[in-house]
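The numbering of the sequence shown is my numbering, which starts it at 172 and goes up by one. Every residue, glycine too, gets a C-beta built ideally from N, C-alpha and C. As the structure is a computational prediction, the values presented were derived from the model and not from experiment. A short write-up of the structure that comes next.
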Amino acid sequence: GMDLAAQLAAARRQAAARFANAGLAENSGRAPVRPTPYGEDQAIPCEDGDVRAQEPLSRSGEVNAGSCVDGRVGEQPLRSLSVLSYNVWFEYPNTYAPRMQAVGRLADAPFPGHDDRPAVLALQELTLPQMALLTPALSKAGYELHQQPARGDYWCALATRAPLRNVQGVRWHAFTRSMMDRGLLMISAEWPGLGRVVVACTHLESFVGEDMRRQVDAERERQLGEASGVLKREVSRTGSVAAILVGDTNWDERSNRDPHALLGEGWADAWSASGKVKSAEFTYDGRANKMLSHSFRSRLDRLFLWQPTAMRTLIVEETKLVGTAQLGSCTIDKCTRAGTVRRLPLFPSDHFGLCVRLAANPELVPAHAPSTLPHALASNHTGTQPPRPAL
Numbered sequence: 172g173m174d175l176a177a178q179l180a181a182a183r184r185q186a187a188a189r190f191a192n193a194g195l196a197e198n199s200g201r202a203p204v205r206p207t208p209y210g211e212d213q214a215i216p217c218e219d220g221d222v223r224a225q226e227p228l229s230r231s232g233e234v235n236a237g238s239c240v241d242g243r244v245g246e247q248p249l250r251s252l253s254v255l256s257y258n259v260w261f262e263y264p265n266t267y268a269p270r271m272q273a274v275g276r277l278a279d280a281p282f283p284g285h286d287d288r289p290a291v292l293a294l295q296e297l298t299l300p301q302m303a304l305l306t307p308a309l310s311k312a313g314y315e316l317h318q319q320p321a322r323g324d325y326w327c328a329l330a331t332r333a334p335l336r337n338v339q340g341v342r343w344h345a346f347t348r349s350m351m352d353r354g355l356l357m358i359s360a361e362w363p364g365l366g367r368v369v370v371a372c373t374h375l376e377s378f379v380g381e382d383m384r385r386q387v388d389a390e391r392e393r394q395l396g397e398a399s400g401v402l403k404r405e406v407s408r409t410g411s412v413a414a415i416l417v418g419d420t421n422w423d424e425r426s427n428r429d430p431h432a433l434l435g436e437g438w439a440d441a442w443s444a445s446g447k448v449k450s451a452e453f454t455y456d457g458r459a460n461k462m463l464s465h466s467f468r469s470r471l472d473r474l475f476l477w478q479p480t481a482m483r484t485l486i487v488e489e490t491k492l493v494g495t496a497q498l499g500s501c502t503i504d505k506c507t508r509a510g511t512v513r514r515l516p517l518f519p520s521d522h523f524g525l526c527v528r529l530a531a532n533p534e535l536v537p538a539h540a541p542s543t544l545p546h547a548l549a550s551n552h553t554g555t556q557p558p559r560p561a562l
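See below:
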């Protein structure tokens, strides 16, 4: 039989073939769209072996200064802020246009039941054609896109906008061990009135078959533990009040250990911290997502929050799922394992979007503090389960 490396190489070749057969190859020559200057050509090595992008330039051409410790003196703290994480699914390029249009709308939609819109968008499985389709909507909504510098068939990206400000130190940390070139895309940004926060997007090791489950589970667990250590050091280095780790963790509770045992003390799981609401549990759900033709469901996408002090500066207020409905009357023709084709409802992705509303600790923030900046400003350009499928 093939060794592990050969099996992984074969799996990657099969994925590439799916892209080519679906017509992605003819688009592969499209020039990358980079709204902000973060790319592999501008990455520089850090002293700890990470990769750090150059600091963003202000419109005057100077490096943004921004405090690394606190906001403006006497500033009223921003009360709440939302983070949206979305695995946008690299497969079926012929469906990219309606799906990315939907993701763009969701990235600028109010948090369910509130007025504030996401200030952070964490994307996984982003491809070049998807990025080209998403960029106009994100730019119009006031987002700046920060991308993973070393990219394969797909990659991670973070998009940020007001009320977060003074984004600095965009960094890529490649995991010490990964069969799939996975890592952490990190930024440091200022939460007005409270201080800096570190935000990291990740896509932990993916399931590629039962014969490799043990190896992949072990890699995934090592990666989560490594992420915890990296982010704690980043909080210390930047003088931040918190670290946010968000993305597709691919966590399988049937075979992976308790993530808190790997993260260590001080980490909170957003879904658990916000009351374990059943309607927001399964971010990958073959029963609710009618585009999927199986019944596997799991909480693959997660947000973890770490704070270095006993006095919690931030709390998790709510967790919701978005992108849970069919895109109008759109459908998708999917190939089954039996080689047949099924016409199914089209959803924005095979994952649902995970939206988390974070809030400043009410013991630290006056009751009259703003919940968010006005949307006009936020959008201003200046400112017993069946076998698990491959994901």
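For residue i, does the count of other Cβ atoms within 10 angstroms reach 16, so buried, or fall short, so exposed?
{"i": "Gly380", "result": "exposed"}
{"i": "Ser464", "result": "exposed"}
{"i": "Glu424", "result": "exposed"}
{"i": "Arg201", "result": "Residue placement at Arg201 is flagged as unreliable, the pLDDT there being 28, under the threshold of 50; a coordinate-derived value is accordingly withheld."}
{"i": "Thr409", "result": "buried"}
{"i": "Val448", "result": "exposed"}
{"i": "Val487", "result": "buried"}
{"i": "Thr507", "result": "exposed"}
{"i": "Pro283", "result": "exposed"}
{"i": "Ala481", "result": "exposed"}
{"i": "Ser238", "result": "With a pLDDT of only 33 at Ser238, under 50, the local geometry of the prediction cannot be trusted, and the value read off the model is given with reservation. So Ser238 counts as exposed."}
{"i": "Thr511", "result": "exposed"}
{"i": "Thr298", "result": "buried"}
{"i": "Pro203", "result": "Confidence at Pro203 is low in this model, with a pLDDT of 29, below 50, so the placement of that residue should be treated as unreliable; the coordinate-derived value is given next. Its Cβ having fewer than 16 others within 10 Å, Pro203 is exposed."}
{"i": "Arg348", "result": "exposed"}
{"i": "Ala181", "result": "Note that Ala181 scores a pLDDT of 48, beneath 50, so its modelled location is shaky; the value from the coordinates is reported in the next line. Label assigned to Ala181: exposed."}
{"i": "Asp504", "result": "exposed"}
{"i": "Gly340", "result": "buried"}
Check whether the Cβ atoms of residue i and residue j lie closer than 7 Å to each other.
{"i": "Leu515", "j": "Pro363", "result": "no"}
{"i": "Leu316", "j": "Met271", "result": "no"}
{"i": "Glu296", "j": "Asn265", "result": "no"}
{"i": "Phe378", "j": "Tyr325", "result": "no"}
{"i": "Leu416", "j": "Ala451", "result": "no"}
{"i": "Leu471", "j": "Asn421", "result": "yes"}
{"i": "Met357", "j": "Ala371", "result": "yes"}
{"i": "Ala439", "j": "Leu395", "result": "no"}
{"i": "Thr490", "j": "Ser520", "result": "no"}
{"i": "Gly494", "j": "Gly524", "result": "yes"}
{"i": "Ser411", "j": "Val368", "result": "yes"}
{"i": "Cys501", "j": "Leu517", "result": "yes"}
{"i": "Asp286", "j": "Ser253", "result": "no"}
{"i": "Gly437", "j": "His374", "result": "no"}
{"i": "Glu376", "j": "Arg391", "result": "yes"}
{"i": "Val274", "j": "Thr331", "result": "no"}
{"i": "Arg468", "j": "Asn532", "result": "no"}
{"i": "Ser251", "j": "Ala530", "result": "yes"}
{"i": "Ala413", "j": "Gln478", "result": "yes"}
Please determine, among the options, the residue with the shortest C-alpha to C-alpha distance to residue i.
{"i": "Leu255", "options": "Gln386, Gly284, Leu329, Pro307", "result": "Leu329"}
{"i": "Gly313", "options": "Arg276, Phe475, Gln394, Val387", "result": "Arg276"}
{"i": "Leu474", "options": "Ala398, Ala360, Ala268, Pro334", "result": "Ala398"}
{"i": "Cys327", "options": "Ala333, Ala345, Gln339", "result": "Ala345"}
{"i": "Pro334", "options": "Pro320, Glu361, Ser349, Gly340", "result": "Glu361"}
{"i": "Tyr267", "options": "Met351, Leu535, Pro300, Ala459", "result": "Pro300"}
{"i": "Gly499", "options": "Met462, Thr298, Tyr455", "result": "Met462"}
{"i": "Met350", "options": "Val338, Arg342, Val341, Arg393", "result": "Arg393"}
{"i": "Leu269", "options": "Gln497, Thr511, Gly510", "result": "One detail in the question is off: residue 269 reads as Pro in this sequence, not Leu. Nearest C-alpha to Pro269: Gln497."}
{"i": "Glu246", "options": "Gly366, Pro479, Thr480, Arg468", "result": "Gly366"}
{"i": "Ala293", "options": "Ala280, Gln318, Pro281", "result": "Gln318"}
{"i": "Val527", "options": "Trp442, Gly340, His431", "result": "Trp442"}
{"i": "Leu355", "options": "Asn337, Val387, Asp388, Pro320", "result": "Pro320"}
{"i": "Asp429", "options": "Ser407, Ala389, Ala459", "result": "Ala389"}
{"i": "Arg322", "options": "Tyr263, Gly340, Met302", "result": "Met302"}
{"i": "Arg353", "options": "Arg336, Leu535, Thr306, Val387", "result": "Val387"}
Tell me residue i's beta-bridge partners as DSSP assigns them.
{"i": "Asp440", "result": "Phe475"}
{"i": "Trp326", "result": "Leu297"}
{"i": "Met302", "result": "In DSSP, Met302 forms no bridge with anything."}
{"i": "Leu292", "result": "Leu255, Ala330"}
{"i": "Cys501", "result": "DSSP lists no partner for Cys501."}
{"i": "Gly524", "result": "Val493"}
{"i": "Leu247", "result": "Reading off the sequence, residue 247 comes out as Gln, not Leu. Per DSSP, none; premise fails for Gln247."}
{"i": "Leu485", "result": "Ala531"}
{"i": "Arg508", "result": "None, per the DSSP bridge assignment."}
{"i": "Leu316", "result": "Ala330"}
{"i": "Ser469", "result": "Tyr455"}
Review point. Where are the beta strand (DSSP E) runs, 3 residues long or more, that stay fully inside the region 397–462, in chain order?
Key: The qualifying runs are 413–419, 438–440.
Practice item. Pick out the complete beta strand (DSSP E) segments inside the region 254–283, 3 residues or longer, and give them in chain order. Key: Segments of the beta strand (DSSP E) lying fully in the region 254–283: there are none.
**Study point:** Ranges of the beta strand (DSSP E) found wholly within the region 341–402, counting only runs of at least 3
**Key:** 354–362, 366–374, all fully within the region 341–402.
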